[in-house]
Structure formats: structure tokens, C-alpha cells
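Each residue of the sequence shown is one higher than the one before, starting from 0 at the first, in the working numbering.
Below: the structure, in C-alpha cells.
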Amino acid sequence: MKYLKQHFKTSRFLVGILSIGLAISCTDLEIEETDSRQSPDFQGVGDVDLFIDGIYNSLNGIIGNQADFFALSEVTTDAALVPTRGSDWGDNGIWRQLHQHDWRTDHQYITNTFNQWNQTQFAASQALSDLSNPNEQQRAQASFLRALGVFFVLDNFGQVPIRDPEASLLDNPEVITDQEAVDYIIADLNTAIAGLPALGPGSGVGTATSDHARASKAAARYLLAKVLLNKHIYVGGEPTTADMQQVIDLVDAITAEGYAIEDDYFDIFRNELDDETIWFIPTSVGNRIWNGLHYNQAPEIAGGGWNGFATLAEYYDMFEGDANVNTPGSGQEERRGYVPTEGLPAGSFDGATDSNDDGYADGSNVGFGFLVGQQYDYDGSALNDRGGNPLTFKRDFTDGNGNPSLINNSESTGIRVQKYNARYGGFVEHEIFFRYSDAYLMKAEAMFRAGQDPTAMMNVLRGLREATPFTSVTEQDILDERGRELYAEFWRRNDMIRFGQYTRGWELKADSQIGNENRNLFPIPASQIILNPNLTQNPGY
């Protein structure tokens with residue numbers, strides 16, 4: 000079982016926090032007395048800029064990871080699964096439980112996600128304290144970060160523990176839910192919008208000091224639009240016309256800054272300037288590349304892939320093109336990508352490397368999008384798996400007896416997903432988190448929910464993606480279009496819940512969990528309920 004190690008990212012966060020004597024507990028939102036300078040009473044943040052940098056740096060580990068938040072957002076849906084292949088990726092069933100919706104209150108990735116986003120929002124509250132005396136720009140950045148943390152805790156768990164950093168450490172954090180939590184997020188985002196800079200697109204590439212590695216007005220508007228689009232899920236009832244109009248207005252404000260849809264889909268995910276990126280995280284994209292590739296693919300870059308993650312055939316089938324072939328010219332839409340039948344010559348594109356001097360650009364035999372069927376070496380010969388069998392990625396997940404299963408899979412079961420490509424660097428620190436096409440589709444959805452017709456708007460996107468235009472648009476069309484545009488970008492669970500499809504059946508999901516609405520929220524970690532009696536366990540757990 001291989002993981003991209005995250006310890007160096009974690010250490011950057013700890014430097015930012017511990018250097019000013021504030022260690023934030025992941026487990027109970029209390030300040031730990033782990034530093035000799037720690038006072039039993041909060042005295043304020045000494046260097047607010049450094050502290051906020053530490054919070055941003057902590058996001059590198061959250062977003063760059065393949066477990067925890069990413070796993071909850073994607074592996075619990077129809078978009079991703081991690082079968083056990085022999086002894087590889089077994090991990091005591093931790094991945095299988097997510098896809099099958101068979102998790103318990105002590106699932107480690109659920110606990111980690113709860114802790115991480117609560118840590119984010121509490122650290123932001125420390126920066127916002129009057130004792131820290133933040134200036135307007137610092138207040139805007141910290142307000143955005145707190146809103147981000149509270150939003151993801153609310154979205155995943157339905158209740159948010161809020162601690163005033165100036166309160167007694169003996170007091171249990173209060174818990175906010177529903178409308179109160181939504182209002183809390185909206186207030187912070189309004190503060191952020193007022194104080195953050197208006198950057199416009201293309202202000203920086205993948206470094207921690209780039210403008211778009213920090214929040215802007217567009218990022219805050221994007222997040223506010225996301226909150227309002229999902230508001231009825233959190234507070235109950237149906238979407239209101241007023242909320243949907245505000246979503247439309249927020250996206251229009253982002254558009255007015257110059258953000259636009261890029262017409263070369265996979266170029267969006269390179270470390271280059273573009274008109275799409277609203278906010279990227281300067282964290283390695285290695286997990287997105289290597290966790291799905293086979294061990295024998297691109298070994299000259301990172302020793303080959305880790306052969307874990309895959310997607311369901313039903314998800315792949317949402318895209319136009321031949322169901323069994325995805326080589327160039329198979330009638331596929333752009334977003335489905337393609338499987339190259341050979342590599343490219345060294346030097347054939349900017350940034351190409353040839354580390355083993357074989358005349359081919361490293362990683363150029365690895366495809367884009369969805370990898371299905373036979374995979375090829377640089378010279379056009381068929382790749383084999385470790386047993387010498389043709390490396391043919393199959394649509395199905397079966398055990399050694401040919402039965403549908405998440406265990407005892409071979410090395411080649413499952414269609415693989417490659418949104419970021421190894422040919423541009425195996426561990427480039429540039430992962431897209433907020434982008435314009437998502438905002439564009441949020442506007443289309445808001446129009447639909449407000450009784451307007453978004454068909455023409457959605458056809459602009461489909462035209463750029465080389466897909467057949469719609470004659471009309473249904474709710475299912477909107478969900479599917481979001482799935483085609485935003486796969487592997489953290490939003491599938493959120494989207495499926497909003498469209499009422501997270502509890503439906505899909506391949507290899509546990510029959511006992513189909514229709515179980517309680518799974519729309521994850522359990523509050525058992526350890527947290529012991530620590531804070533103001534928290535109550537979510538129904539069904």
C-alpha cells in the first residue's frame with residue numbers, strides 16, 4: 000500500500016502555528032499546553048500574517064491527500080472506489096466501507112476530516128479575535144478561512160462546534176446547526192468579500208506566494224454561491240427564488256472580473272496561467288496522478304503508479320463516445336480524454352523531460368481523463384501487468400471467480416482517472432480547488448431552480464467541451480453535466496446530496512444502505528461526543 004507522504008506539509012502548518020505558541024487541538028478545539036510559552040488564557044495572535052499563512056499551509060495537507068476529505072467527497076459516491084487487489088489497498092476495509100456506505104463512528108477518515116476543518120475554523124477565530132487586533136485585510140482572509148472550515152463541517156456533519164478563543168478552556172464549545180450555521184458562514188463571507196482583493200484571472204501559478212493561492216473576492220463569492228445553492232439542504236424546505244437570484248448575481252460578479260471557461264479542458268490542470276482558476280492550493284497533485292495508474296505506467300518518473308483508485312463504468316458512460324474504447328478518434332467528448340497508443344518524442348511540448356534518454360517525453364504514454372482498455376508503452380507496444388498479462392483496464396470489478404466484488408480484484412479491474420497528467424510533472428504543487436466552470440454551472444442550476452431555462456448557457460460549455468448540445472435541460476442533465484465537468488474535484492458527494500441521489504444504488508454499494516437518508520451526514524466521531532456533550536450523534540449512528 001503506497002501513500003504520498005504528507006509529513007512535510009503538516010510540518011509547515013505546525014511551524015506557522017507553534018512558532019507563536021499556539022498548538023490547536025484536532026480533537027476538542029481546545030488549546031494544548033504543548034509549548035513553554037503557552038498561557039492558560041488566550042492572549043491573542045502575535046504575528047497575524049504568519050498565523051494566517053499557517054492556516055493556508057494546513058490546507059495543503061487537507062486538499063492534497065487521497066484519504067480523509069477527498070475520500071469522503073469522492074470515494075463515497077459513484078465517481079470513485081478503491082478495490083482490494085490481492086493484498087494491495089486492503090487497509091482493513093477502510094476504503095471499501097466508504098464506497099459501500101458501511102462506515103462506523105470510528106472511521107479514521109471521518110474523524111480526521113471533522114478534526115481538520117474544525118481546526119481550520121478555530122484557528123481563523125483566533126486570528127479574528129480582538130486580542131489579535133487584525134487589520135482589514137487580515138480580517139478578510141481569516142473570515143474567509145473560518146467560513147470555509149465551518150461550511151465543510153456543516154456540509155459533512157450537520158453541526159459545528161464553535162469556541163470563542165477568549166472563553167474559558169473549561170467551557171464546552173457551543174454547537175450551531177441549520178439556519179444559525181448558514182447565517183454564521185454568510186456573515187463571514189460578506190466580511191471577506193468586502194475586504195479581499197479583486198484579482199481577476201491569471202495572477203499567478205503554482206507557488207505558495209501566488210495571488211491565487213490565497214482567497215480573493217471571487218473565491219469568497221464562489222463559496223457564498225455554493226452555500227446559498229445548498230442552503231435548503233441545511234435548513235430544510237425548497238430553494239428560494241431569492242437565494243437562487245443571489246447565486247446568479249454572485250457568479251455574474253465573478254464573470255465581470257474576467258474569469259471565463261477555458262476551451263482546452265486538460266490545460267486547466269497544468270501549472271500555467273489560465274482564465275478558469277479562482278483558487279488553487281499549492282500542494283502536490285501526485286496523489287491524483289499515481290493512485291490510479293498501474294505499477295508499470297511511467298516508472299521513470301516515480302517508480303510507477305500505485306494501482307488503487309478507479310471509477311465505475313456507469314460514471315464513465317455519462318460521457319459521449321465508445322463505451323469500450325477511448326483511444327484518439329473514438330468519438331469521445333473532450334472531457335473523457337483519451338488513451339494514447341504511443342509516447343511523444345522528447346522535447347515535443349514545453350517542459351517535457353526525458354530522464355532515461357530513450358527519446359520519448361516522460362509520461363507521454365499515459366492518457367488523459369479516463370483510461371480504459373489496453374494501455375501502451377512509449378514505442379506503441381502493449382503494456383503488461385506484473386504477471387505478464389496485457390494491461391487492459393476493465394469496466395468491471397470482479398474477484399478471481401468472476402463475481403462482482405470489491406475484494407480479490409486483479410491488477411487491471413476498473414477504469415482509471417487522470418485529470419492531472421504525469422507528463423507535466425509527477426508532483427507539481429498546483430491543485431485546483433475553486434474554478435470558474437463550477438461557478439458557471441452553479442448559475443445554470445440556480446436559473447433552473449428559479450424557473451428559468453439554462454439550456455443555451457449550458458450549451459456554451461458543452462460546445463467548448465466538444466459535446467452534443469442539449470435541446471432542453473432537466474435536473475438530471477444538470478447533475479450529469481456537473482459530473483462530467485468536475486470529476487475528482489471534491490464536489491460529487493455535495494452534488495449528489497443536493498440532487499437527492501446520494502442514497503441511490505450503484506455498483507458494489509451495500510444493498511442495506513440503499514435509500515438510507517441518514518448517510519447524507521457522516522457520524523460525529525465518538526471521541527468528540529465524549530469531549531463535548533453539546534454535540535449529539537447524527538441519526539442512524
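Quick reminder that beta carbons are idealized off the backbone N, C-alpha and C, glycines included.
All values reported here derive from a predicted model rather than from experimental measurement.
Query: Selected residue, minimal CA-CA separation from residue 231, among 448, 443, 145; Result: 448
Query: Residue from 128, 252, 493, 200 whose Cα sits closest to the Cα of residue 192; Result: 252
Query: First through last residue of the alpha helix (DSSP H) which encompasses residue 226; Result: 216–234
Query: For residue 120, the nearest candidate out of 157, 76, 132, 54 (CA to CA); Result: 54
Query: Limits of the unbroken alpha helix (DSSP H) element including residue 447; Result: 435–448
Query: For residue 275, three-class secondary structure by DSSP; Result: coil
Query: Cβ-based burial, residue 544 [other Cβ within 10 Å; buried from 16]; Result: Absent from the structure is residue 544, since the part of the chain shown begins at 0 and ends at 540.
Query: DSSP state of residue 412 mapped onto helix, strand, coil; Result: strand
Query: Segments assigned alpha helix (DSSP H), at least 4 residues, entirely inside the stretch 100–154; Result: 107–127
Query: Any non-hydrogen atom of the ligand COA closer than 7 Å to residue 335 Cβ; Result: Ligands in the displayed structure: none, and consequently the ligand COA is not present.
Query: Nonlocal neighbours in the same chain, by C-beta distance under 8 Å from residue 273, ignoring five residues either side; Result: 200, 201, 261, 266, 267
Query: Sequence-distant residues of the same chain with beta carbon closer than 7 Å to residue 391, five excluded per side; Result: 372, 373, 411
Query: Which of helix, strand or coil DSSP assigns to residue 166; Result: coil
Query: Rounded C-alpha distance that separates residue 539 from residue 529; Result: 18 Å
Query: Opposing strand residues paired with residue 397 [DSSP bridges]; Result: 403
Query: Residue environment, residue 154, which counts as buried when at least 16 other CB atoms sit within 10 Å; Result: buried
Query: Contact the stretch 284–292 vs the stretch 300–311: 3+ CB pairs below 8 Å; Result: yes
Query: Three or more C-beta pairs below 8 Å linking the stretch 389–403 and the stretch 355–372; Result: yes
Query: Residue 529 - containing alpha helix (DSSP H), residue span; Result: 525–530
Query: Beta-carbon separation (whole angstroms), residue 519 vs residue 535, contact threshold 8 Å; Result: That belief does not hold up - the Cβ atoms of residue 519 and residue 535 are roughly 16 Å apart, past 8 Å.
Query: Straight-line gap, residue 531 to residue 162 (C-alpha atoms, nearest Å); Result: 11 Å
Query: Span of the alpha helix (DSSP H) around residue 285; Result: 285–289
Query: Candidates 52, 460, 376, of which the one nearest residue 136 by Cα; Result: 52
Query: Proximity below 8 Å, CB of residue 117 to CB of residue 152; Result: yes
Query: Paired residues, beta bridge with residue 77 - DSSP; Result: BP columns for residue 77 are empty, so no partner.
Query: Test: residue 371 CB closer than 8 Å to a CB of chain C; Result: Among the chains of the structure shown, chain C does not appear; only one protein chain is present.
Query: Identity of the residue in 297, 401, 526, 438 nearest residue 420 by Cα; Result: 297
Query: Classification of residue 459 by the beta-carbon crowding that lies within 10 angstroms, buried from 16 upward; Result: exposed
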